[in-house]
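2 protein chains.
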Amino acid sequence: METTQEKTLNGVPTDRLVETMQAIRKQPEIAKFKFRAKNRWDDGARNVATVGAFHGALEEHPREEPFEYVLDEHPVLLGGDTGGNPVEYLLTALSGCLTTSLVYHAAARGIEVTGVESSYEGDIDLHGFLGMDESVRPGYQEIRVTMKVEADVSEEIKDELVQAAKDHSPVYDVVSNGTRVEVVRAR
Amino acid sequence: METTQEKTLNGVPTDRLVETMQAIRKQPEIAKFKFRAKNRWDDGARNVATVGAFHGALEEHPREEPFEYVLDEHPVLLGGDTGGNPVEYLLTALSGCLTTSLVYHAAARGIEVTGVESSYEGDIDLHGFLGMDESVRPGYQEIRVTMKVEADVSEEIKDELVQAAKDHSPVYDVVSNGTRVEVVRAR
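Protein chains in written order, with my numbering: chain D, 50 to 236; chain G, 50 to 236.
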């Protein structure tokens with residue numbers, strides 16, 4: 050366990066994690082967050098997303114410099130390959146969320162983790178995207194994930210950590226179960 | 050309509066799009082793609098995803114330099130804010146996919162688009178992630194999207210373009226409907 054200014058485990062400030070949960074118990078509204086992104090089409094397959102302010106813990110959180118993400122397609126999919134493509138960003142999101150969920154839940158349980166590595170592969174059949182076969186979905190038909198956890202605990206506890214990541218990861222939940230997406234065209 | 054070396058519309062090489070569809074009709078296996086990502090935990094909420102080779106059109110497509118994406122959490126969520134968080138990357142993925150789907154389908158229909166801008170907002174209640182209330186899902190409860198399309202066509206055609214994006218976007222499909230995610234722990 051690292052000890053700096055604050056008590057941390059796995060780089061997670063565990064004191065503040067406990068304080069956050071106590072604050073939420075007193076005032077459940079603290080737990081309500083709104084995350085946001087904007088996107089501007091550039092040309093062809095290339096577009097740029099920006100991630101700036103979000104809302105949470107009862108206030109707005111601006112960011113001085115929004116994060117900027119370039120999305121494109123590989124030439125085989127008729128783009129310029131200046132950035133990952135949208136379905137690769139989806140795997141990126143899933144990877145970050147399972148990892149963070151595992152690390153945070155290990156910290157909450159007092160388990161020191163020394164490494165987490167994971168790999169992701171998903172199958173897409175372009176018949177769906179191209180509208181060539183209505184029986185083929187446009188999205189991933191399946192996503193396979195392999196997670197490697199380094200920690201000085203039993204195999205059983207490592208399995209529990211992976212299970213905790215699956216049970217609590219927001220992106221895993223959305224990708225596994227879907228969610229309501231409302232699309233409106235601005236006039 | 051732009052005319053360079055190849056015929057393009059909206060920056061999409063429409064001749065090659067038609068050729069791709071003809072090739073898929075002859076040999077459906079060409080349409081099968083496998084996209085991938087890897088992730089390595091750094092510390093606390095910070096981890097780094099890399100996106101490199103993928104499989105499609107019957108062959109592997111290596112990338113000399115993989116794309117690297119830093120994921121982190123804002124201090125209010127106990128991280129260092131060195132990158133967007135996983136649920137912000139999910140919105141990024143969705144934004145890129147709806148945009149590209151709209152632009153490609155417009156190109157396939159011969160419609161010139163001069164601008165696409167969109168914004169995304171999703172609601173998360175931390176009770177789910179923190180395991181404080183089993184009735185609250187960890188993921189987005191709803192995602193709201195606003196798309197603005199600039200094109201010299203009727204409002205009705207613009208609505209059709211947005212609908213085509215929804216109908217064919219791989220990320221919209223996964224986020225709306227979910228997909229099977231298999232997680233295995235490497236031993």
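Even for Gly, the Cβ is constructed at its ideal location relative to N, Cα and C.
Can you name the residues of chain G whose CB is closer than 7 Å to the CB of residue i?
i, result
"E161(D)", "None at all; the shortest Cβ gap to chain G is about 12 Å."
"L66(D)", "L127"
"P111(D)", "Simply none; closest approach about 11 Å."
At what residues does the beta strand (DSSP E) containing residue i begin and finish?
i, result
"V119(D)", "116-120"
"D172(G)", "164-174"
"K32(G)", "The shown model of chain G, from 50 to 236, leaves out residue 32(G), and the question about it has no answer."
"R229(D)", "229-234"
"A98(D)", "95-100"
"K197(G)", "191-199"
"E55(G)", "No beta strand (DSSP E) contains E55(G), which DSSP labels as neither H nor E."
"H104(G)", "103-105"
"E113(G)", "First-last for E113(G): undefined, no H or E at that position."
Anything in chain D within Cβ reach of residue i, meaning under 7 Å, just list it in chain order.
i, result
"P187(G)", "H217, S218, P219, D222"
"K197(G)", "A235"
"A80(G)", "D174, L175, H176"
"A98(G)", "T141, S144, G145"
Using a Cβ cut-off of 9 Å, pull out every chain G residue sitting near residue i, in sequence order please.
i, result
"P135(D)", "T141, A142, L143, S144, G145, C146, L147, T148, T149, S150, S218, P219, V220"
"A155(D)", "Under the 9 Å cutoff, chain G gives no residues; its nearest Cβ is about 11 Å from A155(D)."
"K83(D)", "E170, G171, D172, I173"
"S166(D)", "Note that residue 166(D) is Glu in the sequence shown here, rather than Ser. By Cβ distance, chain G contributes K87, N88, R89, W90, A235."
"S225(D)", "G188, G227, T228, R229, V230"
Rounded to whole angstroms, how far is the Cβ of residue i from the Cβ of residue j, which I believe are closer than 8 Å?
i, j, result
"G132(G)", "L120(G)", "5 Å"
"R229(G)", "E191(D)", "5 Å"
"M70(D)", "M70(G)", "Actually they are not in contact, since the Cβ atoms of M70(D) and M70(G) sit about 53 Å apart, beyond 8 Å."
"T141(G)", "A86(D)", "5 Å"
"V125(D)", "H110(G)", "6 Å"
"D174(D)", "A80(G)", "5 Å"
"E231(D)", "R193(G)", "5 Å"
"L139(G)", "L139(D)", "7 Å"
Hey, how far is the Cα of residue i from the Cα of residue j?
i, j, result
"A155(G)", "A213(G)", "9 Å"
"F84(G)", "H176(D)", "16 Å"
"R65(G)", "V67(D)", "56 Å"
"P77(G)", "H104(G)", "15 Å"
"R107(D)", "T148(D)", "Residue 107(D) is actually Leu in this sequence, not Arg. Cα to Cα, L107(D) sits roughly 27 Å from T148(D)."
"P187(G)", "D222(G)", "19 Å"
"A102(D)", "R74(G)", "45 Å"
"L151(G)", "V136(D)", "15 Å"
"A72(D)", "E55(D)", "18 Å"
"P219(G)", "N134(D)", "11 Å"
"G159(D)", "G171(D)", "33 Å"
"H217(D)", "S203(D)", "21 Å"
"A200(D)", "I206(D)", "9 Å"
"T52(G)", "V198(G)", "Because T52(G) sits at a pLDDT of 46, beneath the cut-off of 50, its placement in the model cannot be relied upon, and the following sentence gives the value as read from the coordinates. Spanning the two alpha carbons is a distance of roughly 22 Å."
"V224(D)", "E113(D)", "30 Å"
"K215(G)", "Y118(G)", "26 Å"
"R236(G)", "G227(G)", "28 Å"
"G128(G)", "G129(D)", "33 Å"
"F82(D)", "D91(D)", "30 Å"
"V185(G)", "G145(G)", "28 Å"
"Y153(D)", "E161(G)", "47 Å"
"P115(D)", "P115(G)", "23 Å"
"E183(G)", "Y169(G)", "26 Å"
"Y189(D)", "Y189(G)", "19 Å"
Along chain D, in chain order, which residues have C-beta atoms closer than 9 Å to that of residue i?
i, result
"L120(G)", "T141, A142, S144, G145, C146, T148, T149"
"A200(G)", "Within chain D, no residue comes near A200(G); the closest Cβ sits about 11 Å away, beyond 9 Å."
Using a cut-off of 8 Å between C-beta atoms, extract the partners of residue i located in chain D.
i, result
"Q190(G)", "T228, R229"
"L107(G)", "Those within 8 Å of L107(G) in chain D number zero; the least Cβ separation is about 10 Å."
"R236(G)", "E204"
"K56(G)", "Those do not exist, as K56(G) stays about 12 Å from chain D at its closest Cβ, beyond 8 Å."
With respect to the alpha helix (DSSP H) encompassing residue i, which residues constitute its N-terminal and C-terminal limits?
i, result
"K215(D)", "204-217"
"T240(D)", "As shown, chain D starts at 50 and ends at 236. That puts residue 240(D) outside it, with no answer to give."
"R186(D)", "Segment: none, R186(D) is in no alpha helix (DSSP H) and carries neither H nor E."
"M70(G)", "63-75"
Should residue i be flagged as near chain C, meaning a C-beta pair shorter than 9 Å?
i, result
"D92(D)", "Absent from the structure: chain C. Protein chains present are D and G."
Return yes when at least one heavy atom of the ligand ATP lies under 8 Å from the C-beta of residue i, else no.
i, result
"G133(G)", "This structure lacks the ligand ATP, and indeed carries no ligand of any kind."
Identify the contact partners of residue i in chain G, using a Cβ-Cβ distance below 8 Å as the criterion.
i, result
"R158(D)", "The premise fails here: R158(D) is roughly 11 Å from chain G at the closest Cβ pair, so nothing lies under 8 Å."
"K75(D)", "Those within 8 Å of K75(D) in chain G number zero; the least Cβ separation is about 12 Å."
Check whether the segment 88-108 of chain D and the segment 56-72 of chain G are in contact - that is, three or more C-beta pairs closer than 8 Å. Yes, the segment 88-108 of chain D is in contact with the segment 56-72 of chain G.
Evaluate contact between the segment 199-215 of chain D and the segment 157-166 of chain D, counting only Cβ atoms and requiring at least three cross-stretch pairs below 8 Å. In the pairwise beta carbon analysis, the segment 199-215 of chain D is classified as touching the segment 157-166 of chain D: at least three pairs are separated by under 8 Å.
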